[in-house]
Structures are given as C-alpha cells and as structure tokens.
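What follows is one structure encoded as structure tokens, with my remarks underneath.
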Amino acid sequence: MRPVRVLVVDDEPLIRTGLSLVVDAAPDLCVAGVAGTGAQALTETRRLRPDVVLLDIRLPDRDGIEVAGDLRLLADAPRVVMVTTFGLDDHIERALHGGADGFLLKDAPAETVQQAVRAAARGQVVLSPEVARHVVDRYTGRAAAPAVLTDLTEREREILDLVADGRSNAEIAAALFISLATVKTHVTRVLAKLGVRSRAQAIVLAHRHGLTGRRS
C-alpha cells in the first residue's frame, strides 16, 4: 500500500519543518508538500492531490477555517485536520462546521499527530484527547435536542454513537454485525436527518445534545 500523502500548511517555517519531520518519521506516511498561506494551500492541493492536509487556523492571507471549506469543495477533496496553538472555545465548532475533519493542538505528541493523519485518511473524525474532552465538557446536555433528533431510529442512534466514538464504517459494520453497504446507508441517513455535511459536524451535534454514550 502506498503511504498516506500529507500537505503541511503553516506560515511558520519551524512549525512546517517540525510537522513534516513528524509525518515523514512514520513509514506509512509521507509529506507531499508544504505551504505557508491559504492561497498556496489551495494551489498545492490541486497540484499534489494529498490525502490529508494539516492546516493551521491562522494564516497570513486568510482564515484557515475558510480555507478548509474551500478545500472541501475541490474534486478529490482531501481530509482536513486543523492544527493550532490557540484557545479552543472560538475555534472547535467553527472548524468542524466549516468542513474540517478534525482538530489537533500543535503541542500534540508526534505519535498523536501520526495517528490523527492515519485516522483522517480512513475517513474518521480526528480530535486530540484535549479537544475531545473539551467538546464533551462544553456541549453534553447543555441544550434540548431539536425535534429532528428524535426522528432517529434506534439503529441510527447506535450508528451515531459509534460515529461519535470515531469508528470507521468498517469498524461499525463489525461491531453491529451488518454489511459495510448497510452502514454507509445508515450514516448517510443520519447526516441527512441531522442536517449536517460531515461526520465531524454530527459528532459536535451529538455531544451538544447528550446523544452519545447510549449503548449498553
């Protein structure tokens, strides 16, 4: 199998170099290229077609979260993991609703970054432990669930719960003893009912309304 190809986007050369070294240190990952601005990120993504983009939130020319949204509109769109040193409150929900597939802190250990790239490439949602705890602490049980959430079937709630655990479709199929095609159908229906575009957005919504942790 070919290695997962990663585009590293950050305006600070030292951060670009550090993340690149972390990625290249894993035998199943490789750096396809680097960029220092939002414009370069779009150009290099079109040219290099990476599997995953590690994208800084604060770029000199554009807001990184806006860039993530533009990347999601490209043909063969890559997975996008936001990487930042900034406080979480103002960025997590914007990033996930803006089209990002995950959120990491720049001080995350090398192994965490590598695992995040692998998970993103498999289509899983990526939240570093600190970010995951923040999401749960901030959103669980804070608001009444909208009526549409009550329309989920029991099976769809099981699917949502496993998605919120970061499970891939294949892992969900194995856990529930159903086919991969059935899982894909359920996930598509769940996203449609929730009115969201990505698994990451579904996770935020599920945590906000306390819809996770329901499995026996």
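Going by full-length UniProt numbering, the sequence shown opens with residue 1, and the numbers climb by one from there. Note that the Cβ used here is the ideal one computed from N, Cα and C, for glycine as well.
| Item | Value |
| --- | --- |
| The region 19-26 in contact with the region 36-46 per 3-pair CB rule at 8 Å | no |
| Straight-line Cα distance separating I57 from I172 | 31 Å |
| For residue 267, three-class secondary structure by DSSP | What the structure shows of the chain is the stretch from 1 to 216, and residue 267 is not part of that stretch, so it cannot be assessed. |
| Cβ contact check for the region 74-86 and the region 118-125: 3 or more pairs under 8 Å | yes |
| G99 - DSSP class collapsed to helix/strand/coil | coil |
| Simplified DSSP state of L194, which is helix, strand or coil | helix |
| Residue burial classification, A174 (beta-carbon count within 10 angstroms, cutoff 16) | exposed |
| Backbone secondary structure at A35 - three-state DSSP | strand |
| Residue environment, L71, which counts as buried when at least 16 other CB atoms sit within 10 Å | buried |
| Local Cβ density within 10 Å of T188, reported as buried at 16 or more and exposed below that | exposed |
| Distance CB(G33)-CB(D11) smaller than 8 Å | no |
| When V125, H186 and A164 are compared against T153, the one with the closest alpha-carbon | H186 |
| For I7, the first and last residue of its enclosing beta strand (DSSP E) | For the record, residue 7 in the displayed sequence is Leu; it is not Ile. Taken as a continuous stretch (DSSP letters only), the beta strand (DSSP E) holding L7 covers V4 to V9. |
| Supposed contact pair V204 and L55 - C-beta distance, whole angstroms, cut 8 Å | Contact flag wrong, Cβ pair sits at about 18 Å. |
| Run of the alpha helix (DSSP H) containing D161, from where it starts to where it stops | E154 to A164 |
| Residue interval of the alpha helix (DSSP H) (run including V67) | G64 to R72 |
| Where V126 sits in the DSSP three-state scheme | strand |
| Where A206 falls, given that 16 or more other Cβ within 10 Å makes a residue buried | buried |
| Delimiting residues of the alpha helix (DSSP H) encompassing R118 | A110 to A121 |
| Continuous beta strand (DSSP E) stretch holding L54: start and end | V52 to D56 |
| Any non-hydrogen atom of the ligand HEM closer than 7 Å to M1 Cβ | As for the ligand HEM, it is missing from this structure, which has no ligand bound. |
| N- and C-terminal bounds of the alpha helix (DSSP H) containing A173 | N169 to L176 |
| Short Cβ contact (8 Å threshold) for A68 with A110 | no |
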